[in-house]
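In the numbering used here, the protein residues as written are 28 to 352.
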């Protein structure tokens, strides 16, 4: 008898097995453990112990694959979140894709309080790939990434392909090219945002009376104080502290990562046409993914919020069209 039918028979008879070091512990109702069953347990002891230890190791391992919508017959999507690692940012998109589209988020280590964030893209991807292949050994599958998750999704598609999985499509959702996360580009981006912020305030003040300007300043100072209070509160929230640690580790990993050429099919879903001219340089993805197609979301789509309503619907339509082409 194979091991699985034998274990199923033990389960039917309410026989419970546990591993205690090199010993196999057995708990059963009176009279159930016949001499024949005892002999088989003794004969299969090492095989059963190995299976129990493997199951225990899997149970203790942090789980990367989070089912956001596990049902359906379409090619499953495995999606890398942005730098904070929040897989639930994909909830609205998964819901919009419908009940026939399996959708799984990939949660990085470091958010559970029991593991540390990973600081190399290749290591993080190996962690994701092992758990995806345990679920879907050969594919087919779709790999997606949002924002900073784009570089990780690219490497994941490559590693899975090298290991024999059928990656039907790589989807990059508002993903800046990895060089965007370098120190100098980030400083430049911060400077540009500061200049834009000063310009908005100057234009607003130019249209106000003295009393209105004073009220404007009071409102802005109150808002700034609220942001500072929220930042101090975040330092005491363990969940937010862990998210910040994952964010720092992810950005540092992407800064050290050099993407290599990917021969598979890819789709760039850009939030809007204006984003082509941004510092994100999204079309540079074609330098490593020559087959990449591109499409645009609504004109007013915010790249940071495109996974949320109201843009989740149009973005889901674009993803579905890319998958069906």
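Glycine included, every Cβ here is placed at the ideal spot set by N, Cα and C.
Since residue i is in the alpha helix (DSSP H), which residue starts that stretch and which ends it?
i: residue 69; result: 62-70
i: residue 157; result: 148-162
i: residue 344; result: 339-351
i: residue 273; result: 265-283
Counting C-beta neighbours from all protein chains within 10 Å, is the total for residue i 16 or more, i.e. buried, or is it exposed?
i: residue 225; result: exposed
i: residue 123; result: buried
i: residue 74; result: exposed
i: residue 116; result: buried
i: residue 114; result: buried
i: residue 253; result: exposed
i: residue 194; result: buried
i: residue 237; result: exposed
i: residue 205; result: buried
i: residue 233; result: exposed
i: residue 197; result: buried
i: residue 266; result: exposed
i: residue 185; result: buried
i: residue 119; result: buried
i: residue 31; result: exposed
i: residue 235; result: exposed
Just the C-alpha distance for residue i and residue j, rounded to the nearest angstrom, thanks.
i: residue 179; j: residue 71; result: 43 angstroms
i: residue 272; j: residue 282; result: 16 angstroms
i: residue 173; j: residue 63; result: 57 angstroms
i: residue 102; j: residue 339; result: 19 angstroms
i: residue 35; j: residue 59; result: 14 angstroms
i: residue 144; j: residue 107; result: 15 angstroms
i: residue 125; j: residue 100; result: 11 angstroms
i: residue 347; j: residue 78; result: 40 angstroms
i: residue 158; j: residue 127; result: 22 angstroms
i: residue 227; j: residue 292; result: 42 angstroms
i: residue 134; j: residue 152; result: 11 angstroms
i: residue 317; j: residue 350; result: 18 angstroms
i: residue 129; j: residue 121; result: 8 angstroms
i: residue 300; j: residue 307; result: 13 angstroms
i: residue 181; j: residue 314; result: 13 angstroms
i: residue 154; j: residue 168; result: 17 angstroms
i: residue 286; j: residue 250; result: 40 angstroms
i: residue 241; j: residue 91; result: 51 angstroms
i: residue 39; j: residue 325; result: 57 angstroms
i: residue 328; j: residue 305; result: 14 angstroms
i: residue 68; j: residue 61; result: 11 angstroms
i: residue 98; j: residue 230; result: 51 angstroms
i: residue 163; j: residue 37; result: 29 angstroms
First and last residue of the beta strand (DSSP E) that includes residue i?
i: residue 45; result: 43-47
i: residue 39; result: Looking at the DSSP string, residue 39 is not in any beta strand (DSSP E); the run it does join, the alpha helix (DSSP H), is 30-39.
i: residue 195; result: 194-200
i: residue 320; result: 320-323
i: residue 301; result: Here residue 301 belongs to no beta strand (DSSP E), and DSSP marks it neither H nor E.
i: residue 235; result: Careful: residue 235 lies outside any beta strand (DSSP E) and carries neither H nor E.
i: residue 51; result: 50-54
In chain order, what residues of the same chain lie with their CB nearer than 8 angstroms to the CB of residue i, ignoring the 5 residues before and after it?
i: residue 310; result: 295, 303, 321
i: residue 418; result: As shown, the chain starts at 28 and ends at 352. That puts residue 418 outside it, with no answer to give.
i: residue 76; result: 46, 49, 51
i: residue 137; result: 112, 143, 144, 145, 269, 272, 273, 276
i: residue 341; result: 324, 325, 328
i: residue 41; result: 55, 56, 59
CB-CB under 7 angstroms to residue i, same chain, minus the five flanking residues each way: which ones, in chain order?
i: residue 175; result: 109, 110, 208, 277, 278, 281
i: residue 54; result: 43
i: residue 336; result: 119
Short of 6 angstroms in beta carbon distance, which residues of its chain neighbour residue i, apart from the five on each side in sequence? Order them along the chain.
i: residue 147; result: 280
i: residue 177; result: 199, 202
Would a check of beta-carbon distances place residue i closer than 8 angstroms to chain B?
i: residue 193; result: Judged by its chain identifiers, the structure shown contains no chain B, having just a single protein chain.
At 4 residues or longer, and completely inside the stretch 70-136: list those alpha helix (DSSP H) runs for me, N to C. With a minimum length of 4 residues, the continuous alpha helix (DSSP H) runs that stay inside the stretch 70-136 are 72-87, 118-124.
Unbroken beta strand (DSSP E) runs of length 3 or more, entirely within the stretch 162-188: which are they? Correct list: 168-173.
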